[in-house]
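S.K.: Questions regarding the structure given below will be posed in turn.
Chains as they are written, first to last, in the numbering used here: chain E, 313 to 607; chain C, 21 to 462.
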């Protein structure tokens, strides 16, 4: 740290003035749109605040109420975790499988790649609206079930199914992103490694286990960190497809937060945001240890 | 140096998390009021200048393309040269979100269209100005209790204040397929027993069902018709699990159980229109605004539908009472000019415009009695439709104005969803009542 003396810093600014100017723009934006709201929101989370009347300091009350006495919050936590677990179980797996398939010398590779990636570029609201139609009682999925002689499913009206239906739609929308990342990473693995393994007599499964998977580790980390952070904030699909129902079965953390905001309970909404924030930090740290420490 | 890298990495991870949770913390950022093009209300400190420099009032309007407000602005401005009006068109969802943002510390508009079901949240917080000193008991010279029906006045009042002038009203009536009833030789149901009978016969013959909706608007109608209510008299406890209420909900849900009603659930989306078009729904209950939706979405069904008072229960007719009010945010600096605009929007001529432009039911009694509004409607077989809704308004009840309303609404809706799925009525309503009582005890 000794190299960072004040005169050196000033010399640095003189020398790289333009560069600092460029950096200043995103840094200022981050301070104004991220840091200040975050600090404000943190303060609100210790207040009872409706935005119209002055805030009333209540200490940890919001958090205590949230964790000990709020049935809907428990539903939201459970539903969101369900969504993250199944979404992260199915999504990246599906992405990796399609990437492995497309990494073979298949014909029309570009076409498949585009087709799988297309939903990622489509607005989540549009995707959710289309899936809602598919999930209709007389929708395509139930027509298919009827053709197989099965009973129709209340995809979005049966509390047992509703969250899973949202998972399915979301995985369909999102796995193309993971596929593209895996595919790029696969194509960066040096061919020599596979050649060497072949000479040593390794079969396909061993090659995958000892070459492909280790080489993908940083990418896996990236996919899971981004994926879990995004999944924990699932909102649009719920907003469009179910509004959190039936019987709280699809109320997620951010949807609940939103409903508290609409109800002008800003302190409580902020407390939810911070609980979510803490969950995400914990997850990120666990993942970082799990994926990176072995290096 | 691994430790330094560790720290750096953790910082980086923290930043990523922060960046991505920006949405999660979305309650916090006070979005700068989008009205950057506003001329700031700068003149009120110079009394000499006010006569010359017009004051600008901002009006937020959620009617969108069919706005009855936009067409009256030019005439208002020429009649009031000292006021300029700037209308911002929003949709319902956006307006609710934006309103929360500006009420919590932005530059407020001067007049807003207000869904009366939003009032329970805002009224107890003092977000809107009391209009009674400005109105002084009158609207365009007509005493308020002559200008409005009693139910409308009740909806506009909170404690001893008047927080909005009702601009259009929303009460529920029965929509039914006249052609199918004719074909089957059935009469329009006027009581619950007849409703159950007619719906049962239609369903049994594959002519479609009555639509069951689990939301509070629809469920409350059955409560009111059976002499029950959502909360008790002084809004301190749930009343939707009283014997009359349980009887009402058991009847309503029983129609799903016996197949005469179709549970229009989240599977199907929010609006019943697809079910009308494909013949699943032959009867349903909704407000006057739905006539406009049907004409847009199902023009091919012209002549098939009629409206009638919703079948009466043991206590007679009943409906929730809502609609759109015009209100002035308490923080507005231009309340006098805003009130003048509201009065102008409430003239007889401009009230009939609500019907002509937005297809909604104007709230002013004089407008409801005018010929323009009572023209025969060819879509509904030349019926004078609005008189049906006017009749329903006379016995309609606004939702209780309590701060906890959104949560009460949610708890009751959850109970209705459970009931629709076949769970016992008394248990479901009792469980919701426990929650609501806890909410109200705070």
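Quick reminder that beta carbons are idealized off the backbone N, C-alpha and C, glycines included.
Please report the straight-line C-alpha distance between residue 600 (chain E) and residue 533 (chain E), rounded to a whole angstrom.
M.R.: Computed Cα separation, rounded: 7 Å.
S.K.: Give me the DSSP bridge partner(s) of residue 365 (chain E).
M.R.: Answer is none; residue 365 (chain E) lacks a bridge partner.
S.K.: Give me the residue from C:177, C:155, C:281 and C:214 with the minimum Cα distance to residue 224 (chain C).
M.R.: It is C:281.
S.K.: Tell whether a beta-carbon distance below 8 Å holds between residue 168 (chain C) and residue 318 (chain C).
M.R.: No; because the gap between Cβ atoms is not below 8 Å, this pair is not in contact.
S.K.: Under 8 Å Cβ-Cβ, which residues of chain C neighbour residue 466 (chain E)?
M.R.: Here the neighbours are 285 and 287.
S.K.: Pick out whichever of E:477, E:467 and E:589 has its Cα sitting closest to the Cα of residue 540 (chain E).
M.R.: If we check each option's Cα against that of residue 540 (chain E), E:589 comes out closest.
S.K.: Output yes if chain C places a C-beta closer than 8 Å to the C-beta of residue 373 (chain E); else output no.
M.R.: Taking Cβ atoms only, chain C never reaches closer than 8 Å to residue 373 (chain E), which makes this a no.
S.K.: Determine, using beta carbons only, whether residue 592 (chain E) and residue 363 (chain E) come nearer to each other than 8 Å.
M.R.: In this structure, residue 363 (chain E) does not lie closer than 8 Å to residue 592 (chain E) by Cβ.
S.K.: Within 8 Å (strictly less), CB to CB, does residue 557 (chain E) reach chain B?
M.R.: No chain B is present in this structure, whose protein chains are E and C.
S.K.: For a contact defined as C-beta to C-beta under 7 Å, what are the partners of residue 646 (chain E) on chain C?
M.R.: Because residue 646 (chain E) is not part of the residues shown, which for chain E are 313 to 607, the question remains open.
S.K.: So, are the CB atoms of residue 578 (chain E) and residue 544 (chain E) less than 8 Å apart?
M.R.: Not in contact: residue 578 (chain E) and residue 544 (chain E) (Cβ atoms no closer than 8 Å).
S.K.: When you compare only the Cα positions, how much space is there between residue 585 (chain E) and residue 121 (chain C)?
M.R.: Cα-Cα distance, rounded: 17 Å.
S.K.: Examine chain E for any beta-carbon lying closer than 8 Å to the beta-carbon of residue 120 (chain C), and answer yes or no.
M.R.: It does: the Cβ of residue 120 (chain C) has a partner Cβ on chain E nearer than 8 Å.
S.K.: Closest Cβ-Cβ distance between residue 573 (chain E) and chain C: below 8 Å?
M.R.: Yes - at least one Cβ of chain C is within 8 Å of the one on residue 573 (chain E).
S.K.: List the residues of chain E whose Cβ lies closer than 8 Å to the Cβ of residue 426 (chain C), in chain order.
M.R.: Result: 571, 574 and 575.
S.K.: Given this structure, state the Cα-to-Cα distance separating residue 427 (chain C) from residue 353 (chain C), to the nearest angstrom.
M.R.: Rounded to the nearest angstrom, the two C-alpha atoms are 32 Å apart.
S.K.: Where do the N-terminal and C-terminal ends of the alpha helix (DSSP H) with residue 290 (chain C) fall, by residue?
M.R.: Looking at the DSSP string, residue 290 (chain C) is not in any alpha helix (DSSP H), and its letter there is neither H nor E.
S.K.: Quick one: which residues of the segment 432-460 of chain C get their C-beta closer than 7 Å to a C-beta of chain E? List them in chain order.
M.R.: Within the segment 432-460 of chain C, the qualifying residues are 434, 437 and 438.
S.K.: Have a look at the DSSP bridge pairing and note the partners of residue 14 (chain C).
M.R.: The requested residue 14 (chain C) is not part of the displayed model; chain C covers only 21 to 462.
S.K.: Secondary structure at residue 511 (chain E), three-state DSSP: helix, strand or coil?
M.R.: Helix.
S.K.: Listed in chain order, which residues of the segment 355-371 of chain E have Cβ atoms closer than 8 Å to some Cβ of chain C?
M.R.: Listed by position, the residues of the segment 355-371 of chain E near chain C (Cβ gap below 8 Å) are 356, 362, 363, 364 and 365.
S.K.: Can the beta-carbon of residue 258 (chain C) be found closer than 8 Å to that of residue 453 (chain C)?
M.R.: A contact, by the Cβ cut-off of 8 Å.
S.K.: Can you list, in chain order, the residues of its chain with a C-beta nearer than 7 Å to that of residue 221 (chain C)? Leave out the 5 residues immediately preceding and following it.
M.R.: Answer for residue 221 (chain C): 204 and 206, listed in chain order.
S.K.: Figure out for me which residue from E:552, E:465 and E:411 has the closest Cα to the Cα of residue 520 (chain E).
M.R.: It is E:411 whose Cα lies nearest to the Cα of residue 520 (chain E).
S.K.: Relative to chain E, which residues along the segment 143-159 of chain C have a C-beta separation below 7 Å, given in chain order?
M.R.: Answer set for the segment 143-159 of chain C: 145, 146 and 147.
S.K.: Using 8 Å as the threshold, is the C-beta distance between residue 552 (chain E) and residue 444 (chain E) below it?
M.R.: In this structure, residue 444 (chain E) lies closer than 8 Å to residue 552 (chain E) by Cβ.
S.K.: So residue 125 (chain C) contacts chain E; which residues on that side make the cut at Cβ distance below 7 Å?
M.R.: Ordered by position in chain E, the residues that pass the 7 Å Cβ test against residue 125 (chain C) are 363.
S.K.: Apart from the five residues on each side of it in sequence, which residues of its chain come closer than 6 Å, Cβ to Cβ, to residue 497 (chain E)?
M.R.: 528 and 531.
S.K.: If you draw a straight line from the alpha carbon of residue 423 (chain C) to that of residue 430 (chain C), how long is it in whole angstroms?
M.R.: Between residue 423 (chain C) and residue 430 (chain C), the C-alpha separation is close to 13 Å.
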